[in-house]
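Each remark here refers to the structure printed beneath this line.
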Amino acid sequence: MSIENQTPEEHEHPPIGTWVLLIVTAIGMTVAWLFLYLGIFLPRGTVS
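Its first residue numbered 19, the sequence shown is counted upward by one per residue in this note's numbering.
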C-alpha cells in the first residue's frame, strides 16, 4: 500500500521510540545527579 492511498490515521504514528529514549536519558541523568549530590557532595560537608 502506498502512502498516497493511506488515510492520515494509518501513517501518522507518534514517535514512541524518541519519547522512550528521551525519558530513559532524563531518568539516567536525574539518577546520576542525585548520586553526585546526595552521595558525594552532601556527605563531604561545608567548605572549610
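Backbone N, C-alpha and C fix where the C-beta goes; we use that ideal spot for every residue, glycine too.
Endpoints, the alpha helix (DSSP H) within which V65 is located: Here V65 belongs to no alpha helix (DSSP H), and DSSP marks it neither H nor E.
Between V65 and V38, what straight-line distance do the alpha-carbon atoms span, to the nearest angstrom? 40 Å
C-alpha distance - P33 paired with T43, whole-angstrom precision: 16 Å
What residue range is occupied by the uninterrupted alpha helix (DSSP H) comprising L52? 34–52
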